[in-house]
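I have placed the structure first, in the form of structure tokens, so that the comments after it can refer back to it.
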Amino acid sequence: MQPLELKAIVAVAAGVLFGTPAQAQSLSGIKVGEEISSASKLAARPLLSRSVASHKERRWKLPDGNRLSVAVDPETKRIVYAEKTWSGGANGKPADFPGFVYGQTTLADIRAHAQNNGFAFKEHLIDVRPDGLALFNAYEVEGASGLVVTFVTKLSRKDDERLRTGKANVDLNRAARLDAIILADARDLDTIWGDAKLTHEAYKPIRWEPPRHATLASRQGGECHLHGGRPLEAAPTALSRRQSGSGGHVALWATLLLRHLSLLMSQEPCRDGTP
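So for the sequence shown, this note's numbering puts the first residue at 301; every next one is plus one.
Put into structure tokens, the structure is as follows:
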């Protein structure tokens, strides 16, 4: 067998087993950078469109109950932002990022796989929602120039309440679970969310591939440590009931989370419990 033939066979086999980068870095087959006309292949129910900054956003409800939204550059008509949000149902739990599962994969798992804590947009650190608190951790995708993936993890309303009132310690790393994945063009994301960022000192892009170990950090007893070796505990400060009233809730809560996420960015990544 000629060397070139062997290389071709190996390349085809790798594509079958692991998928190509173009196939993998997508949400329901939709890729950042392609024309919006590609969305016509979706077997999904269209929802009402809306505007985000200078972009028009189109949305769909997928057969598994999850929702997909994309934002399109008004000049090029190409997709610059795509987001898939979990419906909460069992059918929609498998995520597009290989090995991740909505409602199950934790922030600790994500950090362990990436081997660093990524970066966060200062103007888009958290989202206070009626059903809990959403956190945003972003990474450039290795080998895909200009592409950023953002993992949206969510605290339950119960854990959010515990964290705000100080009734109990809440480890954000294991309490926050995957709720959405966003793929976006880096320059357009800076336009939408602002270019000011908090970046982990050991930052590097994430590999779009399954975790090296089937059992992730949150289910192996791995730990997220400060540089001094102390395990991460609750947020450094808790809001009192008076402070967390409707008048000052969002501003004070944002200040608290800014402190906490600044601390997260100075930590070593979570260990996955393996040598």
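Backbone N, C-alpha and C fix where the C-beta goes; we use that ideal spot for every residue, glycine too.
For G432, DSSP records a beta bridge to R429 and S456. Contact check between the stretch 348-364 and the stretch 442-458: fewer than three CB pairs, one atom from each, fall below 8 angstroms, which does not count as touching. Here L348 has R359 as same chain residues with Cβ atoms under 8 angstroms from its own Cβ, once five neighbours each way along the sequence are excluded.
Cβ atoms of V332 and K356 stay farther apart than 8 angstroms, at about 15 angstroms. Around N416, the same chain offers H500, A502, Y503, K504 and P569 as residues with beta carbons nearer than 7 angstroms, after the five sequence neighbours per side are excluded. Residue pairing by DSSP places V449 opposite Y439 and L483 in a beta bridge.
Taking a C-beta distance under 8 angstroms as the contact criterion, A484 and Y381 qualify as a contact pair. Annotation: G418 to V449 spans about 10 angstroms, alpha carbon to alpha carbon.
Taking 8 angstroms as the cut-off, the Cβ atoms of K393 and L368 do not count as close. When DSSP states are grouped into helix, strand and coil, L472 belongs to the helix group.
Straight-line spacing of the CA atoms in T453 and A496 works out to 21 angstroms. Cβ neighbours of I336 within its own chain (closer than 8 angstroms, five residues either side excluded): R358, V370, V372, K377, R378 and I379. Within the same chain, Cβ atoms closer than 6 angstroms to the Cβ of I410 are found at F451, the five residues on either side in sequence being excluded. Inclusion of F400 and L478 in the CB contact set at 8 angstroms is warranted, their separation being smaller than that value.
Nearest neighbour of E423 by Cα position, chosen from G329, R507 and L489, turns out to be L489. Membership of I410 in any beta strand (DSSP E) is not indicated; the residue belongs instead to the alpha helix (DSSP H) covering L407 to A414. Under DSSP, no beta-bridge partner is assigned to R507. Ranking S351, G329, A390 and Y402 by CA distance to the CA of I481 puts Y402 first. Judged by DSSP secondary structure, W360 falls within the beta strand (DSSP E) whose first and last residues are H355 to K361.
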